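Numbering (my numbering), first residue to last: 362 to 779. No residue lacks a Cβ here, since even glycine has one placed at the ideal position from N, Cα and C. Since the structure is predicted, the reported quantities are computational estimates derived from the model, not experimental observations. One structure is given here, and the rest of the page talks about it.
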Ligand SMILES: *Cc1c(COP(=O)(O)O)cnc(C)c1O
């Protein structure tokens, strides 16, 4: 694994190559995302290896980074996909993920999305409410097929994370709470041959730093699995979700394989070792292996404050504005040094602020925003008339693919034509 680094002269690198060289090779301006595909593949292989001989698979949460090059790298390294829309399902299939390794989540799946999933016979449609069950059964009947489904259990577990990324508490819109499970089992029974209940799922949220909350929700799933078995219902897998955190420069977190090993240990302890295990990591497979490169456009000093205005904004990377997240920002040409500058984007919102970063006495021309491989480009918008950024995919120390920015011209034409 590699991702971001610095060479002997202190210049920023990605996948072992100097970023400024990669940028010249790709012929892109700024802002631009750069991803290390080899590191994504390594991280996927490492996580798959943590299963040992145990049955199961890694369902990469495609929403973290939907780029075809990324999903193909994950698929070639042995990963599957967790998708949350028909669009993501088509990207996963098109990138070579087999339907046997695709699960679909989402609280408001539309009929055409269900039809696509059922038509391709994906591993499981994860049901997020009792009310969704007859809808899925009706779509399966209309297609003359059996839909394989799993119930997403809301384990009512509070995680120590930002409220916007905690999904497993009783008040969240996701999943079915334990007291509604018997009703859900009955509703699935009424679906008769249109539905096959193959699994039980959960996902407590994002940025877990240790397996402890993961195991807490897994225990809720295990007890539901044992209850189902006691009713004589066969079950093929449990899907314990994603949410493995990464170190954004604050505190170290347990590596993703530790979560898989802990989950396998729990399944064995609960007498459920024969069930396949599915995990749904998004962030941990891509975030550390992508960066956003931006140019310094303007500086301003007022009183004791030093401001640095860059050409990447909350429209390119919204995590700081949305979740109060912090991404380390450093010069590309040299190592970070004091003093710190308040780095902000160009967007007309005060939340377009990336925080204080050690850019040095004299501002660099180009900076790098680290750990931007997940929930970066996929959440980007064209707010303030700013076109989507370019994306550069690096493999074997070379530019393997460039996805160019649509540019301002295209944006102007589309808006004038609206
Ligand atoms: C977002 C999401 C994930 C991935 O979460 P990460 O924190 O990126 O690992 C997994 N499963 C579901 C259902 C999700 O919504």
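Report task. Evaluate the contact criterion for the segment 606-613 versus the segment 494-501: three or more CB pairs, one atom per stretch, below 8 Å. Result -> No, they do not touch.
Report task. With a floor of 3 residues, list each beta strand (DSSP E) that falls wholly inside the segment 602-668, ordered by position along the chain. Result -> Taken in chain order, the complete beta strand (DSSP E) segments of 3 or more residues contained in the segment 602-668 are 637-640, 651-663.
Requested in this report: Excluding the 5 residues preceding and the 5 following residue 363 in the sequence, name in chain order all residues of the same chain whose CB lies nearer than 7 Å to its CB.
Outcome: Cβ within range, chain order: 376, 377, 397, 399, 400.
**Report entry** Distance cut-off 6 Å: residue 644 Cβ against heavy atoms of ligand 1
**Finding:** In this structure, residue 644 has its CB closer than 6 Å to one or more heavy atoms of ligand 1.
Report task. May I ask you to report which of helix, strand or coil DSSP gives residue 435? Result -> It is helical.
Report task. Within the segment 463-496, note down every full alpha helix (DSSP H) run reaching 4 residues or more, in order along the chain. Result -> Fully enclosed alpha helix (DSSP H) runs of 4 or longer: 472-481.
Query raised in the report: Excluding five sequence neighbours on each side, which residues of the same chain lie with their C-beta closer than 7 Å to the C-beta of residue 696?
Result: For residue 696, same chain residues with a beta-carbon under 7 Å away, outside a window of 5 residues either side, are 367, 371 in chain order.
Query raised in the report: What is the rounded straight-line gap between the Cα of residue 477 and the Cα of residue 447?
Result: Our two residues, residue 477 and residue 447, have alpha carbons roughly 7 Å apart in a direct line.
Query - Alpha-carbon spacing of residue 463 relative to residue 482, whole angstroms - result: When rounded, the distance between both Cα atoms is 9 Å.
Requested in this report: Less than 8 Å between the CB atoms is what I'm expecting for residue 653 and residue 604, so what's the real figure, rounded?
Outcome: Between residue 653 and residue 604 the beta-carbon gap is near 23 Å, outside 8 Å, which marks them as no contact.
Query - Distance CB(residue 719)-CB(residue 699) smaller than 7 Å - result: One thing to note: residue 719 has its Cβ within 7 Å of the Cβ of residue 699.
Requested in this report: Could you tell me which uninterrupted alpha helix (DSSP H) segments, each at least 4 residues in length, are contained entirely in the segment 391-442, listed from first to last along the chain?
Outcome: Runs found: 398-410, 429-437.
Report task. Express the C-alpha separation of residue 555 and residue 504 in angstroms, rounding to a whole number. Result -> Roughly 9 Å between the two C-alpha positions.
Report task. Note down, one range per segment and in chain order, each alpha helix (DSSP H) of at least 4 residues found wholly within the segment 530-576. Result -> When DSSP assignments are scanned along the segment 530-576, the uninterrupted stretches of alpha helix (DSSP H) that are 4 or more residues long and fall wholly within it turn out to be 542-551.
Report task. Using 6 Å as the cut-off, classify the Cβ of residue 349 as near or not near the heavy atoms of ligand 1, replying yes or no. Result -> A question about residue 349 goes unanswered here, because the residues of the chain that appear run from 362 up to 779.
Query raised in the report: Which class does residue 585 belong to by DSSP, given the choice of helix, strand or coil?
Result: In the structure shown, residue 585 sits in a helix (DSSP, three-state: H, G or I).
Query - Where residue 661 falls, given that 16 or more other Cβ within 10 Å makes a residue buried - result: Looking at its Cβ environment, which holds fewer than 16 other Cβ atoms inside 10 Å, residue 661 is exposed.
Query raised in the report: Which first and last residues belong to the beta strand (DSSP E) in which residue 692 is found?
Result: Looking at the DSSP string, the run of the beta strand (DSSP E) that includes residue 692 is 690-692.
Query raised in the report: Taking the continuous alpha helix (DSSP H) assigned at residue 454, which residues delimit it?
Result: Here the alpha helix (DSSP H) through residue 454 covers 447-455.
Query raised in the report: Tell me which same chain residues have a C-beta within less than 8 Å of the C-beta of residue 454, skipping the five on either side of it?
Result: These residues qualify, in order along the chain: 460, 463, 481.
**Report entry** Residue environment, residue 665, which counts as buried when at least 16 other CB atoms sit within 10 Å
**Finding:** Around the CB of residue 665, fewer than 16 other CB atoms lie within 10 Å, so the residue is classed as exposed.
Query raised in the report: Which one of 512, 365, 475, 713 has the shortest CA to CA distance from residue 558?
Result: Residue 512 is the option with its Cα nearest to residue 558.
Query raised in the report: Among 518, 655, 516, which has the Cα closest to the Cα of residue 750?
Result: With distances taken between Cα atoms, residue 750 lies closest to 655.
**Report entry** Burial state of residue 424 (16 or more Cβ within 10 Å)
**Finding:** By the neighbour-count definition (other C-beta atoms within 10 Å, threshold 16), residue 424 is a buried residue.
Requested in this report: Check the DSSP bridge columns for residue 366 and list the partner residues they point to.
Outcome: According to DSSP, residue 366 bridges with 374.
Query raised in the report: Which residues share a DSSP beta bridge with residue 681?
Result: For residue 681, DSSP records no beta bridge to any residue.
Requested in this report: Classify residue 785 as helix, strand or coil using the three-state DSSP reduction.
Outcome: There is simply no residue 785 to check, as the chain begins at 362 and stops at 779 in what is shown.
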